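Student: Following this message is one structure expressed as structure tokens.
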């Protein structure tokens with residue numbers, strides 16, 4: 011499989027997102043993206059819901075929750091990541 015090169019708009023969007031994303035070094039979610047990602051639909055509904063519940067629990071105890079929430083609120087709604095972010099379930103459909 012050959013990957014097509016990214017177009018200029020995609021690269022610009024990725025650069026913008028990377029520049030605006032805070033480091034959140036103390037975030038409890040670091041290294042656990044699979045629990046927070048809304049695109050894991052292949053795992054099945056039960057596994058996805060279980061992961062979301064676990065992710066929400068991790069967020070509730072996270073020392074970076076306030077900073078993460080501020081970052082999320084600073085983004086336009088159309089640019090917000092999907093899944094569990096800042097203790098919230100964002101635009102997830104199954």
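Residue numbers (this note's numbering): 11 to 104.
Ideal Cβ positions, reconstructed from N, Cα and C, are used throughout, including at glycine.
Just so we're clear, the structure is a prediction, and the values are computed from it rather than from any experiment.
1) Report the three-state DSSP secondary structure of residue 79 (helix, strand or coil).
2) Which partner residues of residue 47 appear in the DSSP bridge assignment?
3) Helix or strand or just coil, what does DSSP make of residue 62?
4) When DSSP builds the beta bridges, which residues end up paired with residue 100?
5) So, at 6 Å on beta carbons, what are the nonlocal neighbours of residue 73 in its own chain, with the 5 sequence-adjacent residues on each side left out?
6) If contacts are defined as beta-carbon pairs under 8 Å, then residue 78 and residue 63 qualify, I think. What distance do you get, rounded to the angstrom?
Tutor: Working from what's here:
1) Residue 79 falls in the helix class under three-state DSSP.
2) Within the DSSP bridge table, the entry for residue 47 names 93 as partners.
3) Here residue 62 sits in helix by DSSP.
4) Looking at the DSSP output, residue 100 sits in a beta bridge with 93.
5) 36, listed in sequence order.
6) The pair is not a contact, with the Cβ atoms about 18 Å apart (cut-off 8 Å).
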